[in-house]
Ligand code: GTQ
Ligand code: FE2
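In the working numbering, the protein residues as written are -10 to 337.
Structure (structure tokens):
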């Protein structure tokens, strides 16, 4: 790639432009589209349907074994606006991961942080730095930056979940590192409740401050659907509103679960809708229960459980529920917040 050479009818200026290009310099006065009044957004609103994700995951399950070299059976959502990059939105990776009965996805770690939101099934364990976290439908499981993780399906049924990683962001910052884990068979799936939940999963009760771990992420690594469900229904009862959003937080600090990703649960009463809003930063959403319409920019996507949505930066979006609608979403908001770049606007 060479530096762009600008052209102009003025012969003397044109020579200057040639010499600038030779020296790998560019004249700002000719550069358009840098400081735009509002964000330039490359990713486009998009929906991947659960029906296709499940069917294609199943086909991959029959054709592609899991072993070293190809150790995750993952279908990456590729946003049509991103020129073929395997990214769902500019800053976030989103994917459907399909793990067949009794399959094991081996241990590794990487600097991009990951989270899993379980769409269907039960009987998979994710070990995070050796701590066995059970995965069932509706649960949110965290695998923070640089923690070893491996997935074990102990059930007779396949399981499907959504992965979200901050990979595009970490790649843009040129800070991706990856390491394989020890390959011995791990047989530590005896604990029924993870160490993380025993220490940090008791509502309103924590170890005294001096005895708490102080990682950069939430020390609680699993958020159970039963708790989310109860919290959402109580929130709707308490406010009488048509719509509720709750943020998943680090119980020791009340902050986002990980430094790069904000997780939220949304519930819209049947026949109601959420306000039309837009925010800076990119968002991935998935439907857990119910049906309705997701309005994203100019699009009206009919949505069903397991569908994955790309909501690009500064794009107005809202949820309209036919039946009561439960949606999980994650965004890069903590990063925008930390840098003073977060903006939010209600449009309706
Ligand atoms: O489950 O460890 O979707 O490493 C992408 C990269 C999942 C995983 C993804 C990964 C994983
Ligand atoms: Fe991974």
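Glycine included, each C-beta is placed from N, C-alpha and C at the ideal position.
If we ignore side chains and look at the alpha-carbon of each, how far apart do residue i and residue j end up?
i	j	result
residue 93	residue 309	38 Å
residue 84	residue 29	25 Å
residue 9	residue 1	12 Å
residue 64	residue 269	27 Å
residue 294	residue 214	15 Å
residue 190	residue 209	6 Å
residue 169	residue -2	58 Å
residue 89	residue 256	31 Å
residue 24	residue 17	11 Å
residue 329	residue -5	35 Å
residue 135	residue 325	22 Å
residue 72	residue 274	21 Å
residue 220	residue 311	21 Å
residue 366	residue 237	The structure shown does not extend to residue 366, since the chain is modelled only from -10 through 337, so no value can be given for it.
residue 166	residue 74	19 Å
residue 108	residue 126	5 Å
Under three-state DSSP, which class holds residue i?
i	result
residue 263	coil
residue 150	strand
residue 198	helix
residue 319	strand
residue 84	strand
residue 335	strand
residue 309	strand
residue 291	strand
residue 116	strand
residue 17	helix
residue 0	helix
residue 274	strand
residue 131	strand
residue 126	coil
residue 96	strand
residue 121	strand
So, is the C-beta of residue i closer than 8 Å to a C-beta in chain C?
i	result
residue 226	This model lacks chain C altogether; it includes just one protein chain.
Grab me the residues of residue i's own chain with a C-beta within less than 8 Å of its C-beta, minus the 5 sequence neighbours each way, in chain order.
i	result
residue 204	133
residue 184	120
residue 7	-6
residue 58	Per-residue confidence for residue 58 stands at a pLDDT of 49, beneath the threshold of 50, marking its modelled position as unreliable; no derived number is given.
Identify, in the order they occur along the chain, each residue of the same chain with its Cβ nearer than 6 Å to the Cβ of residue i, setting aside the five sequence neighbours on each side.
i	result
residue 336	265 and 305
residue 96	137, 139 and 170
Excluding the five sequence neighbours on either side, which residues of its own chain have a C-beta within less than 7 Å of the C-beta of residue i, listed in chain order?
i	result
residue 15	-8, -7 and 9
residue 301	30, 32, 33, 34, 78 and 271
residue 70	31, 32 and 33
* Cβ contact check for the segment 101 to 114 and the segment 246 to 255: 3 or more pairs under 8 Å -> yes
* Kindly provide the chain-ordered list of residues whose Cβ lies closer than 5 Å to any non-hydrogen atom of ligand 4. => Only ligand 1 and ligand 2 can be found as ligands here, which leaves ligand 4 out of the picture.
* Could you name each continuous alpha helix (DSSP H) segment of 4 residues or more that falls completely within the segment 31 to 67, going from the start of the chain to the end? => 39 to 52
* To do: Determine contact between the segment 151 to 166 and the segment 75 to 90, defined as no fewer than three beta-carbon pairs at a distance below 8 Å.
  => yes
* Asked: Of all the alpha helix (DSSP H) runs that stay within the bounds of the segment 210 to 244, which reach a length of 4 or more residues?
  -> 214 to 228
* Cβ contact (3+ pairs, closer than 8 Å) linking the segment 113 to 121 and the segment 45 to 54 -> no
* To do: Answer yes if the segment 281 to 292 comes into contact with the segment 235 to 247, meaning at least three C-beta pairs across the two stretches below 8 Å, and no otherwise.
  => no
* **Given 8 Å, three or more beta-carbon pairs between the segment 38 to 50 and the segment 136 to 152** => yes
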